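If you read the sequences in order, they're chains A and B.
Reading the first sequence from the start, the letters are residues 1 to 340 in UniProt numbering.
Reading the second sequence from the start, the letters are residues 1 to 340 in UniProt numbering.
Have a look at the structure below before the remarks.
Number of protein chains: 2
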Amino acid sequence: MKQTTLQDIANTLGVSISTVSKALKDYPDIGIKTKALVRELAVTLNYTPNPFAVNLRTKQSKTIGVIIPEFVHYFFSSVIKGIINEAEKKGYLVITLQSNESFELEKRQIELLLNKNVDGVLISLANATATFDHLKTVMERGKPLVMFDKIAKIVNCSKVIINDREAAYNATKHLVDTGCKRIAHFRGPLLPQNSIDRFLGYKKALDDHNIIYDPSLVFICNDMTFDEGKMFAHKLIENHKDVDGVFINTDLVAIGAMTGFKELGLHIPRDISIVGFSNWFMSSAITPSLTTINQPGYKMGKVAFKRLYKELKKQKNNIEIIPKTIELETTLIVRESTKT
Amino acid sequence: MKQTTLQDIANTLGVSISTVSKALKDYPDIGIKTKALVRELAVTLNYTPNPFAVNLRTKQSKTIGVIIPEFVHYFFSSVIKGIINEAEKKGYLVITLQSNESFELEKRQIELLLNKNVDGVLISLANATATFDHLKTVMERGKPLVMFDKIAKIVNCSKVIINDREAAYNATKHLVDTGCKRIAHFRGPLLPQNSIDRFLGYKKALDDHNIIYDPSLVFICNDMTFDEGKMFAHKLIENHKDVDGVFINTDLVAIGAMTGFKELGLHIPRDISIVGFSNWFMSSAITPSLTTINQPGYKMGKVAFKRLYKELKKQKNNIEIIPKTIELETTLIVRESTKT
DNA sequence: CTGAAAGCGCTTACAG
DNA sequence: CTGAAAGCGCTTACAG
C-alpha cells in the first residue's frame, strides 16, 4: 500500500503542492475553504508526512540517542523508561544502545548515533571510560549532550546526578548511629566518579565520627555483580572477624554479600549490618530486607530528557546553551538489614 | 561544524557528484585512480553520508521498532538487550517503546513507529490487547512484523515463543513428583495466550496424575506484581490450609507469594512448595532460592531480530514471506523452594 | 571511464 | 490567497 503524498492530495484537488503543504501546517495565508478541503482529503487518504523528506528538509529527526552501560539492570532500565516516556510526550523517539561498560563500544555507539544524525545524545558512561574526545565530538557536531548518573566532571555539558558523596556519607553515618564500630566498604571500580564519591562519603563519615579509616576493609568490585558481593563477604570475614557493618556500593552486590554472610552463619543485622545503594526493587523483597539509599532512576531519566529538550529548543532559537548540573534528592531507606 | 557532503568532495576534486558517489560505493565503472583519490579525501574530510538523504532515496531507514509491555522487567529487558545487540551487528538501530500493558498505548506506539517509517516491527503484546487491526496495518504497510513471547495466534506473522503449556506442565509435574497433593495456581490475566497456556499446562498435569482440578485453588493476578503474590498467598492459606504446592505464573509474583507464606509462618518447601516461571535473576539470589522455568529472554531477542532480518532481506529481493513460528527450549531449574 | 539529469517528498522564501 | 521554484543530499538509469 503506497503512502499518500502531498502530490496526491494536490492532484486530486487541482491545487499546488505548496498550497497543500501550507494548508496542512495551518499557514495564515491559505484560504479557509482550501484548508478545509485539503484537511478533509488528508484525513480520508490517511496522509502522514514522509519523515525521510521532512528530516532532509528540516535537518532534524526528532530522534535522540541514549547510551547506557547495561540494559538488564534495575536502575538503568528505570532511567530508560523515564527517558522514553518523557521523550514521547514531546514527540521524540529514542534509540537505545549499550556500552557494556566498554570504552571501545561506547565510542562506537556514539559514532553510530552521530552517523544516524540523532538530534541529541543522553549518556551514562562506561566504567572503562577515561578519555572523552568521543563526547566532545558530539558537541562539536552541534548535538546537545546530557550526561546522567555516571558522568565525567571534565566534560563541559549538562549533567543530571545525585550527590553520591553525601548519600554515601548518610549511609555510613546510619551504620555508625546504629552502633557499628568496624565498618567495611565494598566499593565500585576505580575510574567512575560515582564510585569515587561514594568511597569518599564513606571515608568522611568515619573521620567525622572518630573511626579510624582502615584500607584493608575496603574491597574493589570491578564487575559489580552478585557473585562478587558473595566472594568479598567471605574474604572480609576470613581476615576481619570483628567487622560489624558494611556499606556497599550497589544493592546487587549487597544482596550477594548478604548471601555470603548468611553462608558463614552470620545473622543480619545482629552480627553484621548492611547498607546498600540504589534501592533496586529486589531489596525490599528479600529477607531481611535491605537498608539502602534510594536513587530515583525514573525521575533521573525524565529530568535528563527534559534538560536535553530545553537545549534542543535553545539551539533552534540560537540561544547560547549554558551547561547546568542538576542534582536529584536521595533518601536513606531504613529496612531490616541494619539495627534499630 | 558542517558535515561534509558529496558536493564538497566533488568540488575539491573537480569531478561530479555522481562520480564521487559511485567511487565511494565501489561501482565497477569508476577509474581506479579516481576511486583512490575520492576515498582518500573522504577519509580526510571525515565524510559520512547524510542518512536523511539516503533514507529518502532508498526508502529505508535501517531502523526497526520494538514494543514491549514494560521496561523495568528482568525478562523483557533481557529480550531488548538481545534484540539491540543482534540488530547492531546487522547495521540496524532500534527504537523502543512501551505499551504499559495498555491496548490504547500499544496502538499509539504502532502508529508512531509507522509514521517514523521504521523498516520492521517487533512486538510483545499488552495484556489488554484483544483485537489486532493495528498489527494488520503494519503488515499492510509492507513492514515485516515479528511477535515474541506474548503473541496472538490469529495474526498471520512470524512468532518467537516458548511452549508455555509444556513448560507449565513440567513445572506442575515437578510439584507432583516431589510429593505435593493439593496444588494451587496463581495465573496471569485472562487474555494473554501465554497465561492461558500456562494454566492449561497446570491443569493437564493435574489430570494426568489423577489430581482433581479445583477452581477455587486458582487465583488470577491481573497486575503480575510482588504485592499480588503476597496478597494471594494470604488469601489462599486463609481458605485452604491443606495446600502444599503452588505453581505461579511469574517469578516476581512467586517471590511475593513466598514472602506472604513466610509472614504466615509457613516453611518453604516443608509446608508448601513453590515453582515460579521465567527465571528472573533474583530467583537465584533469594532465600530459599526459587525453583522455576528458565525462559531464555536474551536468546528470544536475538532470534526475533534474526527472523525479522531474514524477512527484511526477502522483502528486498521480492521473495514471498511465509510466516514461521519458532519455539525456544525451556528448562526446569530445581532450587530450594521445592522438595528433593 | 565520467557526468548530466531526474527524482525521492517535503518546506519555505518569493513573486504575483 | 495561490503557485512556481529552489533546494535539502543522495542514488542510479542513461548518455556519451
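Even for Gly, the Cβ is constructed at its ideal location relative to N, Cα and C.
Quantities reported herein were computed from a predicted structural model and do not represent experimental measurements.
State the CB to CB distance for the pair L206/A and I183/A, rounded to an integer number of angstroms; the pair is presumed to be in contact (CB under 8 Å).
Looking up residue 206/A in the first sequence gives position 206. Looking up residue 183/A in the first sequence gives position 183. So it is a contact: roughly 7 Å between Cβ atoms.
Under a CB-based cut-off of 7 Å, is K81/A close to chain B?
If you number the first sequence from 1, residue 81/A lands on position 81. Yes - at least one Cβ of chain B is within 7 Å of the one on K81/A.
Check R182/B in the structure and name its three-state DSSP category.
As a position in the second sequence, residue 182/B is number 182, starting the count at 1. Coil, per DSSP.
In chain B, what lies closer than 8 Å to A53/A by C-beta?
The residue given as residue 53/A occupies position 53 in the first sequence. Neighbours of A53/A on chain B, chain order: L56.
Report the option in L290/A, K306/A, L41/A and A167/A whose CA atom is closest to the CA atom of A257/A.
Position 257 of the first sequence, counting from 1, holds the residue named residue 257/A. The residue with the shortest Cα to Cα distance from A257/A is L290/A.
Among residues of its own chain, excluding the 5 on either side of I220/B, which ones have a beta-carbon nearer than 6 Å to its beta-carbon?
If you number the second sequence from 1, residue 220/B lands on position 220. Cβ neighbours of I220/B beyond the five flanking positions: R187.
I believe N127/A touches E111/A by the beta-carbon criterion, under 8 Å. Please report the beta-carbon distance rounded to the nearest angstrom.
Indexing the first sequence from 1 puts residue 127/A at position 127. Indexing the first sequence from 1 puts residue 111/A at position 111. N127/A to E111/A, Cβ: 20 Å. No contact.
Going along chain B, which residues have a C-beta under 8 Å from N249/A?
Along the first sequence, read from residue 1 onward, the residue named residue 249/A stands at position 249. Ordered by position in chain B, no residue passes the 8 Å Cβ test against N249/A, which lies about 17 Å from the chain.
Output the boundary residues of the beta strand (DSSP E) element that contains M147/B.
Translated into the one-based positions of the second sequence, residue 147/B becomes position 147. Start and end: L145 to F148.
Who are the near neighbours of I17/B in its chain, counting only those whose CB is closer than 7 Å to its CB and skipping five residues on each side?
Here residue 17/B refers to the residue found at position 17 when the second sequence is read from its first residue. Here the set comprises L6, Q7 and A10.
Given a cut-off of 7 Å, decide if I293/A and L264/A are closer than it, judged by their beta-carbon atoms.
Taking the first sequence and counting its residues from 1, one reaches residue 264/A at position 264. Taking the first sequence and counting its residues from 1, one reaches residue 293/A at position 293. It is not a contact, given that the beta carbons lie outside the stated cut-off.
Rank N156/B, H234/B and K306/B by C-alpha distance to the C-alpha of F261/B and give the top, closest one.
Walking along the second sequence from the start, residue 261/B turns up at place 261. The shortest C-alpha separation from F261/B is found at H234/B.
Do you know offhand how far M282/B's Cα is from D223/A's?
By one-based count along the second sequence, residue 282/B stands at place 282. By one-based count along the first sequence, residue 223/A stands at place 223. Answer to the nearest angstrom: the Cα atoms are 17 Å apart.
If you measure beta-carbon to beta-carbon, which residues of the segment 79-105 of chain A are closer than 8 Å to chain B?
I80, K81, I84, N85, E88, L93, V94, I95, T96, L97 and Q98
Along the alpha helix (DSSP H) that carries S21/B, what are the first and last residues, could you check?
What you label residue 21/B is simply residue 21 of the second sequence in a count that begins at 1. Start and end: I17 to L24.
Among the residues of its own chain, which have a CB less than 7 Å from the CB of V138/A, if the five just before and after it don't count?
Counting from 1 along the first sequence, the entry for residue 138/A is found at position 138. Closer than 7 Å at Cβ, skipping near neighbours: I110, L114, V121 and L145.
How would you label K302/A, buried or exposed, when you count the other beta carbons within 10 angstroms and need 16 or more for buried?
The count along the first sequence starts at 1 and reaches residue 302/A at position 302. K302/A comes out buried.
Would you say F305/A faces chain B, with C-beta separation under 7 Å as the test?
Mapped onto the first sequence, residue 305/A falls at position 305. Taking Cβ atoms only, chain B never reaches closer than 7 Å to F305/A, which makes this a no.
According to a CB-to-CB cut-off of less than 9 Å, which residues of the segment 216-249 of chain B neighbour chain A?
F226
Is there at least one Cβ from chain A nearer than 7 Å to I255/B's Cβ?
Stepping through the second sequence from its first residue, residue 255/B is reached at position 255. Interface residue, yes.
Could you please tell me which residues of the segment 272-298 of chain A, in chain order, have their CB closer than 7 Å to any CB of chain B?
M282, A285, I286 and T287
What in chain A is Cβ-close to N117/B, meaning under 8 Å?
For the purposes of this step, residue 117/B is taken as residue 117 along the second sequence, with counting starting at 1. The contacting residues are N50, P51 and F52.
7 Å Cβ shell around residue 400/A - same chain, five flanking residues per side excluded:
The displayed coordinates of chain A run from 1 to 340. Any statement about residue 400/A would go beyond what the structure contains.
Spatial neighbours of residue 385/A within its chain, please: CB distance less than 6 Å, with the 5 preceding and 5 following residues excluded, ordered by chain position.
Residue 385/A cannot be examined here, being either before or after the span of chain A that is shown, 1 to 340.
Nearest-angstrom beta carbon gap, V176/A and I211/A [assumed within contact, 8 Å]:
Numbered from 1 along the first sequence, position 211 holds the residue referred to as residue 211/A. Numbered from 1 along the first sequence, position 176 holds the residue referred to as residue 176/A. Indeed, because the Cβ distance is near 7 Å, the residues count as touching under 8 Å.
Between the C-alpha atoms of K81/B and M147/A, what's the straight-line distance to the nearest angstrom?
Here residue 81/B is taken as the residue at index 81 of the second sequence, counted from 1. Here residue 147/A is taken as the residue at index 147 of the first sequence, counted from 1. In a straight line, the C-alpha of K81/B is about 21 Å away from that of M147/A.
One or two residues paired with S273/B in a DSSP bridge
Sequence index remark: in the second sequence, residue 273/B carries index 273 (1-based). According to DSSP, which records beta bridges pairwise, S273/B is partnered with G245/B.
Comparing the C-beta of S124/A with each C-beta of chain B, is any distance below 7 Å?
Within the first sequence, residue 124/A is the residue found at index 124, counting from 1. No, because no Cβ of chain B sits closer than 7 Å to the Cβ of S124/A.
At least 3 beta-carbon pairs within less than 8 Å: the segment 239-253 of chain B vs the segment 272-281 of chain B
yes
Between the segment 38-47 of chain B and the segment 22-40 of chain A, do three or more beta carbon pairs fall short of 8 Å?
no
Within chain B, the residues that F71/A reaches when beta carbons sit closer than 7 Å
Counting from 1 along the first sequence, the entry for residue 71/A is found at position 71. Near F71/A (Cβ distances below 7 Å), the residues of chain B are S77, I80 and K81.
Pull up the CB-CB distance for I83/B and V66/B, whole angstroms please, since I reckon it's below 8 Å.
Working through the second sequence from its first residue, we reach residue 83/B at position 83. Working through the second sequence from its first residue, we reach residue 66/B at position 66. Confirmed, about 6 Å.
C-beta atoms of R198/B and D244/B nearer than 7 Å:
As a working note, residue 198/B is residue 198 in the second sequence. As a working note, residue 244/B is residue 244 in the second sequence. Against a cut-off of 7 Å, the Cβ pair of D244/B and R198/B comes out as no contact.
Are the CB atoms of Y202/B and T178/B nearer to each other than 7 Å?
Along the second sequence, one-based indexing puts residue 202/B at 202. Along the second sequence, one-based indexing puts residue 178/B at 178. No, Cβ-Cβ distance for Y202/B and T178/B is not below 7 Å.
Exposed or buried, Y169/B, counting other C-beta atoms within 10 Å across all chains shown (16 or more means buried)?
Locating residue 169/B in the second sequence gives position 169, counting from the first residue. Result: buried.
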